[in-house]
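Engineer:
Numbering (my numbering), first residue to last: 3 to 242.
1. May I have the straight-line CA-CA distance separating residue 128 from residue 102, to the nearest angstrom?
2. Buried or exposed for residue 55, please, with buried defined as at least 16 other CB atoms from any protein chain shown within 10 angstroms of its CB.
3. Could you check if residue 193 is buried or exposed, using at least 16 other CB atoms within 10 Å of its CB as the buried criterion?
4. Taking only runs that begin and end inside the segment 23 to 70, name each unbroken alpha helix (DSSP H) of 4 or more residues, in chain order.
5. Below 6 Å CB to CB, which residues in the same chain sit around residue 224 once its five sequence neighbours on both sides are set aside?
6. When the Cβ atoms of the segment 15 to 23 are set against those of the segment 195 to 202, are three or more pairs found closer than 8 Å?
7. Check each candidate in 29, 26 and 51 and name the one with the smallest Cα separation from residue 210.
8. Could you pull out every residue in the same chain whose Cβ sits closer than 7 Å to the Cβ of residue 167, ignoring the five residues on either side in sequence?
9. DSSP state of residue 185, grouped into three classes?
10. State the DSSP-derived secondary structure class of residue 83, mapped to helix, strand or coil.
11. Verify whether the separation of the beta carbon atoms of residue 108 and residue 156 is less than 9 Å.
12. Taking the runs of the alpha helix (DSSP H) that are 4 residues or longer, which of them lie wholly in the segment 86 to 137?
13. What separation, rounded to the nearest whole angstrom, lies between the Cα atoms of residue 164 and residue 151?
14. Based on Cα-Cα distance, which residue from 120, 148, 149 and 146 lies nearest to residue 135?
15. Looking only at C-alpha atoms, which of 130, 112, 70 and 145 sits nearest to residue 43?
16. Could you check whether the segment 89 to 106 touches the segment 133 to 147, counting it as contact only if at least three pairs of C-beta atoms, one from each stretch, sit closer than 8 Å?
17. Between residue 145 and the rest of its own chain, which residues show a CB-CB distance below 6 Å, the 5 nearest in sequence each way excluded?
18. The alpha helix (DSSP H) that contains residue 231, what's its start and end?
19. How is the alpha helix (DSSP H) around residue 199 delimited, first residue to last?
20. Taking the straight line between their C-alpha atoms, what separation do you get for residue 83 and residue 158?
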C-alpha cells in the first residue's frame, strides 16, 4: 500500500545573514538604502554649510549626486510594475470605489514619474544631453506629486475607516485593526515626507535642503523598514 506524501509551504524566519541578502537582492531594498544615504548626505551637507565647513559639504554633495544617478539607472523599467499594479487595482472587485480609484491614480502617477525619470536617466548619466530635460523633470515631479496626493488622501480615508471599525468590533479583530492602522499611519508619514521634494522642486514652497534632506531620509527609512519586513519570512516545504 502506497502512502501519498503532500507538500505544504510553511513560512519560517530566515537567519539575519540570509535576511540581509534577501533584502539586498531586491531592487526596492537596494534603492531604499541608496536613497537613505543620498538624502542624509543632502541634509548633512546643509548642516556643514551652516557650520561653515563648506569643503566637506561639497564632497557630500558630490556623493549625493552620484547616488541619485545610480538610483535612476537601477529604476529603469520599474514603471512597468506600477502600471501593472494600477491595472490590477482597477480590475480587483472592491466594495470601496473611492479607495479603489485613489489606489489606481496613485500607481499611475508614480508610474508616470518613473517612466519620465527613465528618460532623464539618459541625461543624468551623460549618455546624451536632452534639450527638454528641465520640462521633463517638472512634468515628472508633477506626476509624482499627483500620485502622492492620491496616496495621502487614501491613507487618511483608510485611517478614518479603521477608526470606525475599531469602535464597532470586538476584541477578536482588535490586533489586526491595530496593525493595519500602524502600517497605514507609517505609510502616510512617508508620503507626507516625500511630498516635500516635488513641492520644493516645482517652487510651490521655499523648502531648504535641510528640510527636504531630513524628510527624504525619514521616508526612505520607513520604506526600507517595510521592505525589510516583507523579506523577513521565507517559505520552506514540509512533507505530510
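The beta carbon of each residue, even a glycine, is placed where N, CA and C say it ideally should be. All values reported here derive from a predicted model rather than from experimental measurement.
Structural biologist: The relevant details are as follows:
1. Numbered from 1 along the chain shown, position 126 holds the residue referred to as residue 128. Numbered from 1 along the chain shown, position 100 holds the residue referred to as residue 102. Those two C-alpha atoms are separated by around 40 Å.
2. Taking the chain shown and counting its residues from 1, the one referred to as residue 55 is at position 53. Its Cβ having fewer than 16 others within 10 Å, residue 55 is exposed.
3. Numbered from 1 along the chain shown, position 191 holds the residue referred to as residue 193. So residue 193 ends up on the buried side.
4. 29 to 52
5. On the chain shown, residue 224 is found 222 positions in, with the first residue counted as 1. For residue 224, where only same-chain residues beyond five positions count, the Cβ hits under 6 Å are 188 and 192.
6. no
7. Residue mapping note: residue 210 aligns to position 208 of the chain shown, counting from 1. Checking every option, the nearest Cα to that of residue 210 belongs to 51.
8. Start at 1 with the first residue of the chain shown, and residue 167 comes out as number 165. So the list reads 179, once near-sequence residues are dropped.
9. Within the chain shown, residue 185 is the residue found at index 183, counting from 1. In this structure, residue 185 counts as helix in the three-state DSSP scheme.
10. Walking along the chain shown from the start, residue 83 turns up at place 81. DSSP places residue 83 in helix when its eight states are reduced to three.
11. Taking the chain shown and counting its residues from 1, one reaches residue 108 at position 106. Taking the chain shown and counting its residues from 1, one reaches residue 156 at position 154. Taking 9 Å as the Cβ cut-off, residue 108 and residue 156 qualify as a contacting pair.
12. 99 to 126
13. Taking the first residue of the chain shown as 1, we reach residue 164 at position 162. Taking the first residue of the chain shown as 1, we reach residue 151 at position 149. Each residue's alpha carbon lies about 20 Å from the other.
14. Here the question's residue 135 lines up with position 133 in the chain shown. Selected option, being the one with the closest Cα: 120.
15. Residue numbering aside, residue 43 sits at position 41 when the chain shown is read from its first letter. When each option's Cα is compared against that of residue 43, the closest is 70.
16. no
17. Numbered from its first residue, the chain shown carries residue 145 at position 143. Cβ neighbours of residue 145 beyond the five flanking positions: 111, 114 and 115.
18. Position 229 of the chain shown, counted from the first residue, corresponds to residue 231. Counting along the chain, the alpha helix (DSSP H) containing residue 231 begins and ends at 211 to 232.
19. For the purposes of this step, residue 199 is taken as the residue at position 197 of the chain shown. Residue 199 -> alpha helix (DSSP H) spans 198 to 203.
20. Taking the first residue of the chain shown as 1, we reach residue 83 at position 81. Taking the first residue of the chain shown as 1, we reach residue 158 at position 156. Their Cα atoms are separated by approximately 25 Å.
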